[in-house]
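Positions in the sequence shown are counted from 1; adding 1 to them yields our numbering. Every residue gets a Cβ at the ideal spot worked out from N, C-alpha and C, and that includes glycine.
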Amino acid sequence: MKRFWATSICIALVLSMAGISLAKPVNLKFAHIANTDNTWHLAALKFAELVEEKTNGQVTVTVFPNSVLGSERETIEGIPLGLADLTITADSLANWVPIIALQSHMYTFRDSEHIERFMNSKIADKIRQDILNQAGLRVIAWFERGPRYLTSNRPISHPRDLRGFKIRVPDVPMFIRDWEAAGANPTPMAFAEVFTGLQQGVIDGQENPLALIESAKLYEVQKYVNRTAHVRQGIFVVIGEAKFKTLSPENQTAILEAAEEMQRYERELFLAKEQELEDFLKSKGMIFNDDVDIEAFQQAVADVVAKHFPQLVEDFLAIQEL
2 MKRFWATSIC
12 IALVLSMAGI
22 SLAKPVNLKF
32 AHIANTDNTW
42 HLAALKFAEL
52 VEEKTNGQVT
62 VTVFPNSVLG
72 SERETIEGIP
82 LGLADLTITA
92 DSLANWVPII
102 ALQSHMYTFR
112 DSEHIERFMN
122 SKIADKIRQD
132 ILNQAGLRVI
142 AWFERGPRYL
152 TSNRPISHPR
162 DLRGFKIRVP
172 DVPMFIRDWE
182 AAGANPTPMA
192 FAEVFTGLQQ
202 GVIDGQENPL
212 ALIESAKLYE
222 VQKYVNRTAH
232 VRQGIFVVIG
242 EAKFKTLSPE
252 NQTAILEAAE
262 EMQRYERELF
272 LAKEQELEDF
282 LKSKGMIFND
292 DVDIEAFQQA
302 VADVVAKHFP
312 QLVEDFLAIQ
322 EL
């Protein structure tokens, strides 16, 4: 018996010195709403590769695209239940952290540089802490989304063109209020239901970045991409804090390092992809409407924050000054 224990201890020491852990392997479920061609998915796969490499296989990541584990909000709600561990999100988090709604407000951000300044600001640091405290999610990276454009089957150039127009929006109050102010009839709907909703005439249009317009094949049911560029925003990659805390300190560090590398990788993909996406959508017959009165849309939603979200006015002004 003594010889058995001595041998076991020796084996454990050898494995330890070799950097091999005796801990039970951990698999993390990374769910998102985009398809397998989207830069989010490619970045998630890169993250999985990096995590396995950096943890010597102690932690693996399985990626679930195409909303297979539920909508964005359902995935967030499923993380504390263990149904998922990581996701990519922004708008739906406003249900837990109201200030995030400002990222969804039309024309909050001017351009990519403005988004980057925001993400590196004290305001964003506070948002990350609020996400942790209120939703139990740790932000480990951020991506920039391409500008959101309104799609339709007739050109929309001015808010007056939106009368009677049923537009799908995420189930987020800011989206609903903005599109009401712009003159449309907003209809909250899960993204996975958008194609069918457009096909059946339940909705007349929707709004999203080119990447999601392409990945959902909306060119099959929509003719126009109206260059409203009404929302520019950063989105968050998050991991459930409870799950994160179960990992060893070494594996936590590996996760954070992998996330940082994933963020840089996705940025490179994103910058290369925008023009490619536009060219592809045009090849599928979509018409890009450049005759959009941006100033009219800005004026239409100018009072939304002050009128419906007065508690966010101070933060909104601070972001505008960045």
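Identity of the residue in the options nearest residue i by Cα
{"i": "residue 35", "options": "89, 242, 63 and 59", "result": "89"}
{"i": "residue 186", "options": "160, 197, 134 and 307", "result": "160"}
{"i": "residue 27", "options": "319, 140, 57 and 316", "result": "57"}
{"i": "residue 243", "options": "137, 278 and 107", "result": "137"}
{"i": "residue 289", "options": "115, 229 and 237", "result": "229"}
{"i": "residue 142", "options": "217, 48, 292 and 294", "result": "48"}
{"i": "residue 291", "options": "125, 213, 300 and 279", "result": "279"}
{"i": "residue 319", "options": "83, 107 and 123", "result": "123"}
{"i": "residue 100", "options": "127, 83, 238 and 82", "result": "127"}
{"i": "residue 176", "options": "91, 321, 81 and 312", "result": "91"}
{"i": "residue 296", "options": "81, 46 and 111", "result": "111"}
{"i": "residue 135", "options": "224, 117 and 81", "result": "81"}
7 Å CB neighbourhood of residue i in its chain, flanking five on each side removed
{"i": "residue 200", "result": "222"}
{"i": "residue 163", "result": "157, 183, 184 and 185"}
{"i": "residue 133", "result": "139 and 242"}
{"i": "residue 115", "result": "323"}
{"i": "residue 303", "result": "none"}
Residue i versus residue j - alpha carbon distance
{"i": "residue 178", "j": "residue 155", "result": "23 Å"}
{"i": "residue 184", "j": "residue 170", "result": "14 Å"}
{"i": "residue 22", "j": "residue 264", "result": "Its pLDDT being 46, under 50, residue 22 is placed unreliably by the model, and nothing is read from it."}
{"i": "residue 226", "j": "residue 232", "result": "14 Å"}
{"i": "residue 102", "j": "residue 72", "result": "18 Å"}
{"i": "residue 286", "j": "residue 63", "result": "36 Å"}
{"i": "residue 31", "j": "residue 182", "result": "36 Å"}
{"i": "residue 104", "j": "residue 247", "result": "31 Å"}
{"i": "residue 113", "j": "residue 145", "result": "8 Å"}
{"i": "residue 282", "j": "residue 25", "result": "47 Å"}
{"i": "residue 109", "j": "residue 95", "result": "15 Å"}
{"i": "residue 66", "j": "residue 150", "result": "22 Å"}
{"i": "residue 202", "j": "residue 54", "result": "48 Å"}
{"i": "residue 262", "j": "residue 165", "result": "45 Å"}
{"i": "residue 167", "j": "residue 250", "result": "50 Å"}
{"i": "residue 197", "j": "residue 93", "result": "21 Å"}
{"i": "residue 294", "j": "residue 284", "result": "25 Å"}
{"i": "residue 298", "j": "residue 255", "result": "45 Å"}
{"i": "residue 301", "j": "residue 314", "result": "17 Å"}
{"i": "residue 129", "j": "residue 274", "result": "28 Å"}
{"i": "residue 125", "j": "residue 207", "result": "28 Å"}
{"i": "residue 106", "j": "residue 214", "result": "20 Å"}
{"i": "residue 174", "j": "residue 180", "result": "10 Å"}
{"i": "residue 312", "j": "residue 321", "result": "16 Å"}
{"i": "residue 266", "j": "residue 74", "result": "26 Å"}
{"i": "residue 1", "j": "residue 257", "result": "Absent from the structure is residue 1, since the part of the chain shown begins at 2 and ends at 323."}
{"i": "residue 195", "j": "residue 277", "result": "23 Å"}
{"i": "residue 118", "j": "residue 224", "result": "35 Å"}
Beta-carbon proximity list for residue i, same chain, < 8 Å, skipping 5 on both sides
{"i": "residue 270", "result": "40, 43 and 44"}
{"i": "residue 8", "result": "With a pLDDT of only 45 at residue 8, under the threshold of 50, the placement of this residue in the model should not be trusted, and no figure is reported."}
{"i": "residue 268", "result": "144 and 145"}
{"i": "residue 46", "result": "64"}
Whole-number beta carbon distance between residue j and residue i, since they are thought to touch under 8 Å
{"i": "residue 120", "j": "residue 235", "result": "5 Å"}
{"i": "residue 245", "j": "residue 139", "result": "5 Å"}
{"i": "residue 51", "j": "residue 259", "result": "4 Å"}
{"i": "residue 252", "j": "residue 60", "result": "5 Å"}
{"i": "residue 147", "j": "residue 211", "result": "5 Å"}
{"i": "residue 189", "j": "residue 172", "result": "4 Å"}
{"i": "residue 38", "j": "residue 153", "result": "The Cβ separation is near 24 Å, so there is no contact."}
Own chain, CB closer than 6 Å to residue i, minus 5 neighbours either side, in chain order
{"i": "residue 85", "result": "30, 32, 70, 76 and 79"}
{"i": "residue 317", "result": "103 and 306"}
{"i": "residue 308", "result": "none"}
{"i": "residue 193", "result": "68"}
{"i": "residue 238", "result": "89, 141 and 142"}
{"i": "residue 191", "result": "72"}
My parser needs the beta strand (DSSP E) runs of 3 or more residues fully inside the region 108-196; what are they?
Here the runs fully enclosed are 138-153, 167-170 and 186-189.
Can you list, in chain order, the stretches of the alpha helix (DSSP H) that have 4 or more residues and sit fully within the region 35-113?
40-55, 73-79 and 102-105
Residue ranges of each beta strand (DSSP E) run of no fewer than 3 residues wholly in the region 202-252, ordered along the chain?
206-209 and 225-241
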